[in-house]
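Novice:
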Amino acid sequence: MRLLTGLLLLLMASNLCARSAGDYLPADTDPDPAIPTPESVLGWEVGDWHVSHDRLVSYMQVLADASDRVSLNTIGYSHEQRPLLQLVISSPDNLGNIEALRQQHLEGSGPLVVMLGYSIHGNEPSGSNAALLTAYYLAASRSAFVRELLSGSVVLIDPSLNPDGLNRFASWANSHASRHPVADPDVRPRAEGWPSARTNHYWFDLNRDWLPLVHPESRARVDAFHHWLPHVLTDHHEQTGYPGFFFQPGVPTRQNPLTPLENLELTRALARFHSKS
Numbered sequence: 001m002r003l004l005t006g007l008l009l010l011l012m013a014s015n016l017c018a019r020s021a022g023d024y025l026p027a028d029t030d031p032d033p034a035i036p037t038p039e040s041v042l043g044w045e046v047g048d049w050h051v052s053h054d055r056l057v058s059y060m061q062v063l064a065d066a067s068d069r070v071s072l073n074t075i076g077y078s079h080e081q082r083p084l085l086q087l088v089i090s091s092p093d094n095l096g097n098i099e100a101l102r103q104q105h106l107e108g109s110g111p112l113v114v115m116l117g118y119s120i121h122g123n124e125p126s127g128s129n130a131a132l133l134t135a136y137y138l139a140a141s142r143s144a145f146v147r148e149l150l151s152g153s154v155v156l157i158d159p160s161l162n163p164d165g166l167n168r169f170a171s172w173a174n175s176h177a178s179r180h181p182v183a184d185p186d187v188r189p190r191a192e193g194w195p196s197a198r199t200n201h202y203w204f205d206l207n208r209d210w211l212p213l214v215h216p217e218s219r220a221r222v223d224a225f226h227h228w229l230p231h232v233l234t235d236h237h238e239q240t241g242y243p244g245f246f247f248q249p250g251v252p253t254r255q256n257p258l259t260p261l262e263n264l265e266l267t268r269a270l271a272r273f274h275s276k277s
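Pasting the structure below:
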């Protein structure tokens with residue numbers, strides 16, 4: 001539980017402004033200089049610009065080539081033929097034996113398996129931008145905490161659940177961005193016209209496609225889920241600070257009676273933890 005709690009604390013998507021990667025990460029990160037930082041590949045500090053999907057893919061490919069903790073798979077393609085990525089991150093020993101560990105996990109033993117998905121709504125881009133730092137931290141940190149974490153777990157990262165929407169938003173926001181930050185929520189980069197980049201190529205909200213599975217993005221991520229059956233699945237959205245903040249499972253009157261009580265208790269415990277941060 002200590003490992004899981006620490007991992008979830010790290011992965012909370014934060015408000016992105018121009019900082020170096022080190023400013024986001026724990027003080028004891030001790031990054032391996034052989035592992036490229038996001039800014040060394042993108043050409044800017046994370047948060048200076050919105051990452052487009054092609055640049056996101058480029059960085060993840062460079063990271064996988066540089067780190068023996070990272071394996072990169074393509075699990076499908078979006079309607080616009082953008083690759084749907086899955087990073088498998090663990091210790092080098094675990095990665096060398098990953099299929100046997102997956103089978104052990106499916107049989108009820110083996111390592112902790114956590115699946116992290118980011119920005120299913122394309123105009124909630126903090127998730128995909130934070131995925132750059134999450135992947136870098138797990139690949140580069142030489143801290144005892146990360147070594148212990150990866151020795152006992154497999155972390156699966158889908159850095160963009162909606163590549164077409166993410167790319168559409170990055171193009172809009174970067175085209176209208178100023179070099180000077182503006183706090184006004186109605187500033188032009190945030191004021192998209194209809195139908196906005198929330199949706200995929202066909203203007204479909206992929207967060208409503210977990211059960212219908214109409215779209216290739218949804219089918220790929222659900223297939224990946226069933227391939228691993230992770231202990232924990234996170235779905236990283238974005239919410240502005242001024243209207244308040246939602247914590248699952250929410251008020252009792254809106255909880256689905258078919259949801260197992262254990263699920264509600266676990267998500268409530270996680271919500272209490274995050275509310276203190």
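Residues 1 to 277 (my numbering) are what the sequence shown spells out, left to right.
Note that the Cβ used here is the ideal one computed from N, Cα and C, for glycine as well.
A quick note: this is a predicted structure, and the numbers were derived from the prediction, not measured.
Return the residue from the list H121, P181, L42, P83 that minimises the CA-CA distance to R208.
Specialist: If you number the sequence shown from 1, residue 208 lands on position 208. Out of H121, P181, L42, P83, H121 has the C-alpha closest to the C-alpha of R208.
Novice: Using the C-alpha atoms, what's the distance from N73 back to T29?
Specialist: For the purposes of this step, residue 29 is identified with residue 29 of the sequence shown, where counting begins at 1. For the purposes of this step, residue 73 is identified with residue 73 of the sequence shown, where counting begins at 1. Their backbone Cα atoms lie some 26 angstroms apart in a straight line.
Novice: Should the segment 100-120 be called in touch with the segment 173-190, which here means at least 3 C-beta pairs below 8 angstroms?
Specialist: Result no; under three Cβ-Cβ pairs closer than 8 angstroms.
Novice: Write down every uninterrupted run of the alpha helix (DSSP H) in the segment 88-126 whose length is 4 residues or greater and which is fully enclosed by it, in chain order.
Specialist: The qualifying runs are 92-95, 98-106.
Novice: Hey, quick one: how far does the alpha helix (DSSP H) through V57 stretch, first residue to last?
Specialist: As a first step, residue 57 is located in the sequence shown; it is residue number 57 there, counting from the start. Segment 53-66, the alpha helix (DSSP H) holding V57.
Novice: Would H43 be called buried (16 or more neighbouring beta carbons within 10 Å of its own) or exposed?
Specialist: Mapped onto the sequence shown, residue 43 falls at position 43. Sequence check: residue 43 is Gly here, not His. It is exposed - the Cβ of G43 has fewer than 16 other Cβ atoms within 10 Å.
Novice: Given this structure, state the Cα-to-Cα distance separating H236 from T134, to the nearest angstrom.
Specialist: Translated into the one-based positions of the sequence shown, residue 236 becomes position 236. Translated into the one-based positions of the sequence shown, residue 134 becomes position 134. Going from the Cα of H236 to the Cα of T134 covers about 12 angstroms.
Novice: Along the chain, which unbroken stretches of the beta strand (DSSP E) at least 3 residues long are found entirely within the segment 187-266?
Specialist: 232-236, all fully within the segment 187-266.
Novice: How should S153 be labelled, buried or exposed, when 16 other C-beta atoms within 10 angstroms of its C-beta is the threshold for buried?
Specialist: Mapped onto the sequence shown, residue 153 falls at position 153. By the 10 Å Cβ count, S153 comes out buried.
Novice: Under three-state DSSP, which class holds P31?
Specialist: Taking the sequence shown and counting its residues from 1, the one referred to as residue 31 is at position 31. Note: P31 maps to strand in three-state DSSP.
Novice: CB-CB under 6 angstroms to W49, same chain, minus the five flanking residues each way: which ones, in chain order?
Specialist: As a working mapping, residue 49 is identified with position 49 in the sequence shown. Correct list, in chain order: N174.
Novice: Are the beta-carbon atoms of S119 and L166 separated by less than 9 angstroms?
Specialist: Position 119 of the sequence shown, counted from the first residue, corresponds to residue 119. Position 166 of the sequence shown, counted from the first residue, corresponds to residue 166. Yes; because the gap between Cβ atoms is below 9 angstroms, this pair is in contact.
Novice: Reducing DSSP to helix, strand and coil, say where W172 ends up.
Specialist: By 1-based counting over the sequence shown, the position of residue 172 is 172. Helix.
Novice: Please classify P125 as buried or exposed, where buried requires at least 16 other C-beta atoms within 10 Å of its C-beta.
Specialist: Taking the first residue of the sequence shown as 1, we reach residue 125 at position 125. Answer is buried; the Cβ neighbour count reaches 16.
Novice: Is D23 buried or exposed, if buried means 16 or more other CB atoms sit within 10 Å of its CB?
Specialist: Working through the sequence shown from its first residue, we reach residue 23 at position 23. Burial call: exposed.
Novice: On the three-state DSSP scale, how would you describe G152?
Specialist: As a first step, residue 152 is located in the sequence shown; it is residue number 152 there, counting from the start. Looking at G152 - three-state DSSP - the assignment turns out to be coil, as it is neither helix nor strand.
Novice: Return the CA-CA distance between M145 and L138, expressed in angstroms with no decimal places.
Specialist: Within the sequence shown, the letter at position 145 stands for residue 145. Within the sequence shown, the letter at position 138 stands for residue 138. The residue asked about is misnamed: residue 145 is Phe in this sequence, not Met. About 10 angstroms.
Novice: Are A271 and F247 closer than 9 angstroms when you measure CB to CB?
Specialist: Counting from 1 along the sequence shown, the entry for residue 271 is found at position 271. Counting from 1 along the sequence shown, the entry for residue 247 is found at position 247. In contact: A271 and F247 (Cβ atoms closer than 9 angstroms).
Novice: For a test of the three-state rule: what should DSSP assign to G165, helix, strand or coil?
Specialist: The residue given as residue 165 occupies position 165 in the sequence shown. Correct three-state label for G165: helix.
Novice: Given 8 angstroms as the limit, is there contact between the segment 195-212 and the segment 87-95, that is, 3 or more CB pairs closer than that?
Specialist: With the cut-off at 8 angstroms, the segment 195-212 and the segment 87-95 do not touch.
Novice: Tell me where the alpha helix (DSSP H) around G22 begins and ends.
Specialist: Along the sequence shown, one-based indexing puts residue 22 at 22. From DSSP, the alpha helix (DSSP H) with G22 extends over 21-24.
Novice: Would DSSP call T37 helix, strand or coil?
Specialist: For the purposes of this step, residue 37 is taken as the residue at position 37 of the sequence shown. Coil, per DSSP.
Novice: Which of the three DSSP states is assigned to S128 in this structure?
Specialist: Working through the sequence shown from its first residue, we reach residue 128 at position 128. The answer is helix: DSSP assigns S128 an H, G or I state.
Novice: Grab me the residues of L258's own chain with a C-beta within less than 7 angstroms of its C-beta, minus the 5 sequence neighbours each way, in chain order.
Specialist: Residue 258 sits at position 258 when you count from the first residue of the sequence shown. Nothing meets the Cβ criterion.
Novice: With distances taken from CA atoms, which of N263, H227, G250 is nearest I75?
Specialist: Within the sequence shown, residue 75 is the residue found at index 75, counting from 1. When only C-alpha atoms are compared, the closest one is H227.
Novice: Quick check on C17: does DSSP put it in helix, strand or coil?
Specialist: Position 17 of the sequence shown, counted from the start, is the residue given in the question as residue 17. Confidence in C17 is poor, its pLDDT being 45 and thus under 50, which makes the residue's placement too unreliable to answer from.
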